[in-house]
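Remarks on the structure that follows.
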């Protein structure tokens, strides 16, 4: 069953550098065409909640968005925790990976992958 892609404005954004890295991973890892980038949150981490970022198929409770050709998948319940968040990709001497800039986070921890709301 094909998943319809929404034309609604996505609650988060990916920087051009993050989009480029996601596209590279899709090609390098041979991710199936029906998969998209899942972004969300889960309980845990040193600050109470941690970010989810990975490739997955859309499920019934999900919303989908097109971010410059990349399918973004998000559980509808997660939007309130990440509204306005920007995902970037750093590739420097001190760090390499995705970075979450979340205006909804009241505090974050040193690892940068967990927060409290």
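Residue numbers (the numbering used here): 44 to 160. Think of the CB as a built atom: it goes at the ideal place given N, C-alpha and C, for glycine as much as any other residue. A quick note: this is a predicted structure, and the numbers were derived from the prediction, not measured.
What's the C-alpha gap between residue i and residue j?
i           : j           : result
residue 72  : residue 98  : 10 Å
residue 113 : residue 140 : 18 Å
residue 86  : residue 70  : 30 Å
residue 148 : residue 142 : 13 Å
Since residue i is in the alpha helix (DSSP H), which residue starts that stretch and which ends it?
i           : result
residue 123 : 122-125
Relative to the alpha-carbon of residue i, which residue among the options has its alpha-carbon at the smallest distance?
i           : options       : result
residue 119 : 146, 100, 106 : 106
residue 65  : 146, 115, 144 : 115
residue 146 : 136, 127, 135 : 127
residue 103 : 117, 144, 67  : 117
residue 84  : 96, 76, 78    : 96
Locate the beta strand (DSSP E) running through residue i, then write down its first and last residues.
i           : result
residue 144 : 139-144
Given the structure, does residue i come close to the ligand ATP, in the sense that its CB is under 7 Å from one of the ligand's heavy atoms?
i           : result
residue 120 : Looking at this structure, you won't find the ligand ATP or any other ligand, since it has none at all.
Would you call the region 118-137 and the region 51-59 touching, i.e. three or more CB-CB distances under 8 Å? The region 118-137 makes contact with the region 51-59; the number of CB pairs closer than 8 Å reaches 3 or more.
So does the region 60-71 actually touch the region 130-141, counting three or more Cβ pairs closer than 8 Å? In the pairwise beta carbon analysis, the region 60-71 is classified as touching the region 130-141: at least three pairs are separated by under 8 Å.
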